[in-house]
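For the sequence shown, position 34 matches number 34 in full-length UniProt numbering, and the numbering has no gaps at all.
Virtual Cβ for every residue (Gly too), placed ideally from N, Cα, C.
Being a predicted model, the structure only gives us computed values, none of them experimental.
Read through the structure below, which is laid out as C-alpha cells, and then see the notes.
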Amino acid sequence: MGMEDSRAGTRPRSDDPHADPTLTRLVEDLDEGFAVLVRHEERVVYSVALRVTGAHQDAEDLAAETFLRAYRALLGYDGERIRALRLRPWLLTIAINTWRNSLRSASRHPAAIPTAELPEPRSDGRGVEQAAESAETQRELGALLARLPAPQRAAVVLRHVAGMSIGEVAEVLGCPEGTAKSHVSRGLASLRTIHRNASPAGRRAI
Numbered sequence: 001m002g003m004e005d006s007r008a009g010t011r012p013r014s015d016d017p018h019a020d021p022t023l024t025r026l027v028e029d030l031d032e033g034f035a036v037l038v039r040h041e042e043r044v045v046y047s048v049a050l051r052v053t054g055a056h057q058d059a060e061d062l063a064a065e066t067f068l069r070a071y072r073a074l075l076g077y078d079g080e081r082i083r084a085l086r087l088r089p090w091l092l093t094i095a096i097n098t099w100r101n102s103l104r105s106a107s108r109h110p111a112a113i114p115t116a117e118l119p120e121p122r123s124d125g126r127g128v129e130q131a132a133e134s135a136e137t138q139r140e141l142g143a144l145l146a147r148l149p150a151p152q153r154a155a156v157v158l159r160h161v162a163g164m165s166i167g168e169v170a171e172v173l174g175c176p177e178g179t180a181k182s183h184v185s186r187g188l189a190s191l192r193t194i195h196r197n198a199s200p201a202g203r204r205a206i
C-alpha cells in the first residue's frame, strides 16, 4: 500500500454544510480545487519540510514531492473519499512518510551540527517549546532539531511548528497517541539539554 493510500487524514462521511469548502472544490474541479489547496497549505508543508530536513533545497524538494504525490492520489479518489479527507493531516502524512523513506533508502541522516554552532541559551527565559513555535531564526531551530532522532524530530515539528494536537501527531506518524506524546516529550527534553549544553559554561563542562 502506497503512502498516499493511507487512511491517515480521513474522517467519517459527514453532511455538515460547514465542511471544508476546499474539499467540495476538489470534488467539483480537481485542478481548480488543487490550486486552492496548494495556496492554503504550501506554507505549513514547507515549514514542516524545512524543520525536518534542515536545508532549504531539501525542503523545497520535499514540499514539491508531497504535493505531486497528493495530486496523483486525488486522481484515483472518488468524491466520497475526497470529502472524507482531513487535508492538513493527510498532506503532512505524505510529507513525513516521504521524508522518512528518503532517510531509509539513502541511508543518510542530516549532518551533526558542531556544538560551537548551536545557539546560545536565551536570557529572556523562554522555553524550547516557545522557540520552536516562534522560530525567530531558522538556523537556531534547525541546529537544535538536527540533533534529534527522526521520530522525535518529526513529532516536535508537527506539534510545535505545525501546531497539531497529540492525536493529530499520532495520526500523521501512524503510531498510538502515547507513543506520539512520548516522542514529543523526549524530543523537547533532548532539545533543552542540547540548548543548555550550548552555553559557554556547558561547553566547558563537556
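Apart from sequence neighbours up to five positions away, the residues of its chain that approach K181 with a beta-carbon distance below 6 Å are I166, ordered along the chain. When DSSP states are grouped into helix, strand and coil, L148 belongs to the coil group. Straight-line spacing of the CA atoms in L23 and L85 works out to 8 Å. The beta carbon of A63 sits closer than 8 Å to those of E42, V45, Y46, A49 and A95, all from its chain and outside the five residues before and after it, given in chain order. In the DSSP assignment, G33 falls within the alpha helix (DSSP H) that extends over L30 to T53. DSSP places D61 in the helix class (H, G or I) of the three-state scheme. One alpha carbon belongs to F34, the other to V27, and they sit about 10 Å apart. Secondary structure note for A189: its alpha helix (DSSP H) is the uninterrupted segment E177 to N197. By the beta-carbon neighbour count (other beta carbons within 10 angstroms, threshold 16), S105 is exposed. Between the alpha carbons of V36 and R25 lies a distance of about 8 Å. Under the three-state reduction of DSSP, A70 is assigned to helix.
Rounded to whole angstroms, L103 and R196 show a C-alpha spacing of 28 Å.
In terms of CA proximity to P151, R186 leads the group D31, A143, R186 and E80.
A162 sits in coil when the DSSP states are folded into three classes, being neither helix nor strand. The residues L158, in chain order, have a CB closer than 6 Å to that of M164 in the same chain once the five nearest residues on each side in sequence are set aside. Take L148, set aside five residues on each side of it, and the residues of its chain with a beta-carbon closer than 8 Å to its own are V156, G187, S190 and L191, in chain order. G142 carries a helical assignment under DSSP once its states are collapsed to helix, strand and coil. Residue state for G174 is assigned as coil, using DSSP reduced to three classes.
Cβ-Cβ separation between V161 and R88: approximately 12 Å, too far for a contact (criterion under 8 Å).
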